[in-house]
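Residue numbers (UniProt numbering): 1 to 182. Beneath this line is the structure, given in structure tokens, with notes to follow.
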Amino acid sequence: MGDTGLTGPTGLTGLTGATGPPGLQGPQGERGVQGVQGPPGSGFLPAYGTMYNFNVVAPSSGDYVILNSIGPNNGTNPNSVVNGFTVDSAGIYMLAFNCNFSINTAVMQSGSIVLRYSINNDTTMNQGQISLTATASGSIESLPAASSTIASLNAGDTVKIFVILVNNITYSTSSFSILRIA
């Protein structure tokens with residue numbers, strides 16, 4: 001027999017065979033290192049305030065409700081000179097006002113009053129308006145009233161209570177509160 005000849009050229013690659021069945025799952029790996037703390041959430045700082053006046057006031061149409069005492073507050077600037085709050089930051093606020101109305105029966109047996117929230121001296125906001133017309137059945141009729149509404153306020157907005165009209169009515173034990181809710 002003779003010597004082995006030279007190796008011939010490589011043949012064509014054959015077709016890929018079928019995938020075999022999956023193997024068994026391996027053991028769970030070790031826990032990784034804790035990641036970096038993320039940025040603070042989009043929450044908001046609380047903002048609230050209250051102002052009040054326990055005195056009896058005989059208002060005139062075009063006046064603002066007099067609030068001469070300041071209660072707890074944060075993130076609002078209560079001002080008893082302008083009788084309202086200036087908010088520090090934009091948000092959605094709940095506004096709440098309450099007082100007692102009395103009819104001056106020495107003058108007549110009936111009276112009326114309309115109050116509105118005022119934002120930056122705009123008195124056209126009808127939400128939360130208090131409108132009262134009453135007739136006294138005795139010497140002095142005391143009528144409690146309350147109002148609340150929700151308003152979108154910008155930083156620097158000033159909110160007050162405006163007397164649209166009044167006839168033979170006084171108010172007392174008034175309280176105005178503001179609370180940021182979003």
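From the three backbone atoms N, C-alpha and C, an ideal C-beta is built for every residue, glycine too.
Check	Outcome
How about LEU153 and GLY91: do their beta carbons lie closer than 8 Å?	yes
With DSSP as the reference, label PRO9 as helix, strand or coil.	coil
Excluding five sequence neighbours on each side, which residues of the same chain lie with their C-beta closer than 7 Å to the C-beta of ILE178?	TYR48, GLY49, THR76, PHE85, TYR93, LEU95, VAL159
Exposed or buried, GLY62, counting other C-beta atoms within 10 Å across all chains shown (16 or more means buried)?	exposed
Determine the burial state of LEU67: buried for a count of at least 16 other Cβ atoms within 10 Å of its Cβ, exposed for fewer.	buried
I'd like to know whether the C-beta atoms of ASN126 and THR173 end up nearer to each other than 8 Å.	no
How is residue 194 classed by DSSP in three states: helix, strand or coil?	Residue coverage of the chain in this structure runs from 1 to 182, which leaves residue 194 outside it and unanswerable.
Rounded to a whole number of angstroms, what is the C-alpha to C-alpha distance between THR120 and ASP157?	In the sequence as presented, Thr is not what sits at residue 120; that position holds Asn. So the two alpha carbons sit approximately 6 Å from each other.
State the DSSP-derived secondary structure class of ASN167, mapped to helix, strand or coil.	strand
DSSP state of SER147, grouped into three classes?	strand
Whose C-beta lies closer than 8 Å to the C-beta of GLY128 among residues of the same chain, with five residues either side of it excluded?	LEU95, PHE97, ARG116, TYR117, SER147, SER148, THR149
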